[in-house]
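Protein chains in written order, with my numbering: chain A, 9 to 567; chain B, 563 to 849. Where a beta carbon is used, it is the ideal one built from N, C-alpha and C, also for glycine. Since we're looking at a predicted model, the values are computed, not measured. Have a look at the structure below before the remarks.
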């Protein structure tokens, strides 16, 4: 039996080098921390801070060009930093297990869940071959999957993201691992799913004495579950503290910046940075009586009457993506659209932007029913430039072959009035300034920009023609919190400056709460609740809204 | 990475690629050499490739005739060199035709879907169901035995490959968000397809172009080897090999070896060139 005061895993003065074309780069240096039994440690930092590299080095899972330069990793008295392949194979999975960000792609798509589990048991020498089946079922039970027979015989693609993550955890538990390294385990999952996964991990920690390293950028999530915080910046630990001390006494400027930028902790977008943004001088736009856009009975059904190659047989397996929604947006207003994945949010935005034709319903924009114009004809319609969109994925939404200038100039050239070269250049430069993009970047290609810069290009392009309605489809979900803070402030500034109306689509209720005046809650294609932000947040009526509110991580003990 | 954001010229890019990867250097210089020979051969070849002189027939390679002489006393070196223009010409034009038609059909099939897709893809599948060389023989036999028909035949049998690759590439790109962004910026569907989506498919298409080039040369040479298309006395690698094949048994190896080797080297260099061209057109490879 191990003495309780020796840590389960300890890392001392770790340094990791990467060989690159321009020489050796030290990605991580002087990292030391310890992990005890039954403890959840949060490894927090923004992208590129070295948090994942640190965690991967524990199991020696670094890329080929990476190597451990200095330091020790001691697990249970074993020096993992000088372990040979044999020892690593024994430790991986059996002693220390990992779960990853995208559970759907971590499971082998051509193997059933049951096969994954029994494989794991066999390779790590499960003593009895005869009751592997029973053991598999027990494991699935343990991760709170109650539909065991179905899940066991299902392929990963037949399961939801949350289910796949449970299976991953079951795999990690299969051999009674004592340490679990979770790399952003809930990113990309719905809030309700996120809560159930984190609760599951938390229960395993409390009941089985599992030790967890949670790599995350979400401080509000970490604050709810973690006992110990390690904050990394640029490959170094800047702060290391227990939960209480971390939130009360943290003094490092980087930690302060991170804490400020975390949406859960602030009431308005302006509070996200230490310095008050300049737009506060601008008055809140006055919202007129007349709505900008009124949507009535908007409906989209896919695959309604699909003819097969047999002339007499028609398959009808309709899928109702949006089941008749009614709402309106006023000029100068930001409306939040909230809902889980598959709730019809994206279909709604595609119909509003007229990239897709609705099956039924009306969209009255500025007194004109734009559903009467087909999506094909709308491209040349004068109203095209009044409805623009900022996309979720800042990388995927920029054409990789076009430089920043071309990207911003595109809508001006295609939809704007005729413009000469100098005016165009001036206009693009003004837009770049407006979104805070340095002019040195104007000739760069998208892959030479950071995530935040790409998001700015996307916003500059969308506001280039001063549209009346801007649809924001989770514009910050791929960004770090501090970048998110500046992008949100930029959006708020543009709304006040230009009097734009926003439809802000998000699953992050904290962000929606700060930015929008009214909220629409969508579930399974229907708008189940709508109203003023404060009312919906504080007094939700519909059960789904209530469960959403309960699922968002709140720092209970800190407040 | 910070100060290098001026636009690079194609030549600078090629220089960089060649310095980074020796295979790129080899394939680029071989390709350059072939193009140079094709363009200028008529100015510097030592003998008239068509002039026969039976008194020096079937000489082994010597200082005067580097690749020897054939049964009519023609200089093999001059004939092999002058044939470069014809062979590269056939390959370039055949590949150009099949690239334009094939990628246009394939990208429309993927972008617009529905009946376009079904018809285009099934027709492509039907063409692929034939043994392609036999099909090319048939096309030339039906349309008439001429050089231009060899080009058409080579183009037709290559079109389905371009349809398939273009369709696969476009259907991957079609769902990316920049396509929606392009539509929102007021691009019509056709413009979105040709100006936004298509250039992003190029990296994989140029690999196909390059390997296809080698394949087209082989195909043209094969057709003339069996007596279709280009006809003697014109100099063409396939004909040269065919003529030389009669003399292998009697020991005149040079008649087959040299045109065969030059042909092989051409195909080899085109196959190597693919990766270099892909790196050239892929913006992500730029630092």
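How many angstroms separate the CA atom of residue 9 (chain A) from the CA atom of residue 131 (chain A)?
-> Legend: pLDDT at residue 9 (chain A) = 39, less than 50; position of this residue unreliable, value from coordinates given subsequently. Answer to the nearest angstrom: the Cα atoms are 26 Å apart.
On the three-pair Cβ rule with 8 Å, is the stretch 107-114 of chain A touching the stretch 160-176 of chain A?
-> yes
Within chain D, the residues that residue 750 (chain B) reaches when beta carbons sit closer than 8 Å = No chain D appears in the structure shown, which is made up of the protein chains A and B.
Considering only residues of the same chain and omitting the five flanking positions on each side of residue 493 (chain A), which have a CB-CB separation below 6 Å?
-> 269, 280 and 281
Indicate the three-state DSSP secondary structure (helix, strand or coil) for residue 619 (chain B) in the structure shown.
-> coil
What residues are listed by DSSP as bridge partners for residue 100 (chain A)?
-> A:104
Where in the stretch 677-761 of chain B do unbroken runs of the beta strand (DSSP E), each at least 3 residues long, occur, reported from the N-terminal end onward?
-> none
Cβ of residue 678 (chain B) less than 9 Å from any chain A Cβ?
-> no
Give the DSSP-derived three-state secondary structure of residue 51 (chain A) in the structure shown.
-> strand
Neighbour flag for residue 373 (chain A) against chain B, beta carbons, 9 Å | no
Quick one: measure Cβ to Cβ for residue 232 (chain A) and residue 548 (chain A), integer angstroms, because I've assumed they're closer than 8 Å.
-> Actually they do not touch by this definition, with Cβ atoms about 20 Å apart.
Kindly confirm or deny that the stretch 236-247 of chain A and the stretch 51-63 of chain A touch, where touching means at least three C-beta pairs closer than 8 Å.
-> yes
Give the interface partners of residue 392 (chain A) over in chain B, defined as CB-CB distance under 7 Å, in chain order.
-> 748
For residue 411 (chain A), collect the residues of the same chain with a Cβ closer than 8 Å to its Cβ; drop the 5 residues on either side in sequence, then sort them by chain order.
-> 450, 451, 452 and 453
Apply the 10 Å Cβ neighbour rule to residue 165 (chain A) and answer buried if 16 or more other Cβ atoms are within range, or exposed otherwise.
-> exposed
Around the Cβ of residue 803 (chain B), are there at least 16 other Cβ atoms within 10 angstroms (buried) or fewer (exposed)?
-> buried
Buried or exposed: residue 563 (chain B), going by 16 or more other Cβ atoms within 10 Å of its Cβ?
-> The pLDDT assigned to residue 563 (chain B) is 35, lower than 50, so where the model puts this residue is not dependable; a value taken from the coordinates is nonetheless given after this. Counting Cβ neighbours within 10 Å, residue 563 (chain B) comes out exposed, since fewer than 16 surround it.
Measure the alpha-carbon distance for residue 1 (chain A) versus residue 750 (chain B) and round it to whole angstroms.
-> In this structure chain A extends from 9 to 567, so residue 1 (chain A) is not present and cannot be described.
Counting only runs that start and end within the stretch 489-559 of chain A, where is the alpha helix (DSSP H) found for 4 or more residues in a row?
-> 489-506, 517-523, 541-546 and 551-559
Proximal chain B residues relative to residue 419 (chain A), where beta-carbon distance stays under 7 Å | 747 and 748
Under 7 Å Cβ-Cβ, which residues of chain A neighbour residue 740 (chain B)?
-> 404, 405, 406 and 407
As assigned by DSSP and simplified to three states, the class of residue 667 (chain B) | helix
One or two residues paired with residue 396 (chain A) in a DSSP bridge = A:478
Count the C-beta pairs between the stretch 733-748 of chain B and the stretch 786-795 of chain B that are closer than 8 Å, then say yes if the count reaches three, no if not.
-> no
Measure the beta-carbon distance from residue 769 (chain B) to residue 836 (chain B) and round it to whole angstroms, keeping in mind my assumption that it falls under 8 Å.
-> 4 Å
My understanding is that residue 82 (chain A) touches residue 185 (chain A), with C-beta atoms under 8 Å, so please give their C-beta distance in whole angstroms.
-> Actually they are not in contact, since the Cβ atoms of residue 82 (chain A) and residue 185 (chain A) sit about 17 Å apart, beyond 8 Å.
With 16 as the cutoff for other CB atoms within 10 Å, does residue 209 (chain A) come out buried or exposed?
-> buried
For residue 177 (chain A), does the count of other Cβ atoms within 10 angstroms reach 16, so buried, or fall short, so exposed?
-> buried
Neighbour flag for residue 762 (chain B) against chain A, beta carbons, 9 Å = yes
Closer than 7 Å by C-beta to residue 161 (chain A): which residues in its own chain qualify, once you throw out the five before and the five after it? Chain order, please.
-> 120 and 122
Should the stretch 472-488 of chain A be called in touch with the stretch 383-398 of chain A, which here means at least 3 C-beta pairs below 8 Å?
-> yes
Can you find at least 3 beta carbon pairs, one from the stretch 584-602 of chain B and one from the stretch 641-650 of chain B, that sit closer than 8 Å?
-> yes
Are any of the Cβ atoms in chain A nearer than 9 Å to that of residue 845 (chain B)?
-> yes
Residue 286 (chain A) (DSSP reduced to helix, strand or coil) | helix
My guess is that residue 357 (chain A) and residue 479 (chain A) are in contact by the Cβ rule of under 8 Å, so how many angstroms apart are they, rounded?
-> 5 Å
Can the beta-carbon of residue 509 (chain A) be found closer than 9 Å to that of residue 339 (chain A)?
-> yes
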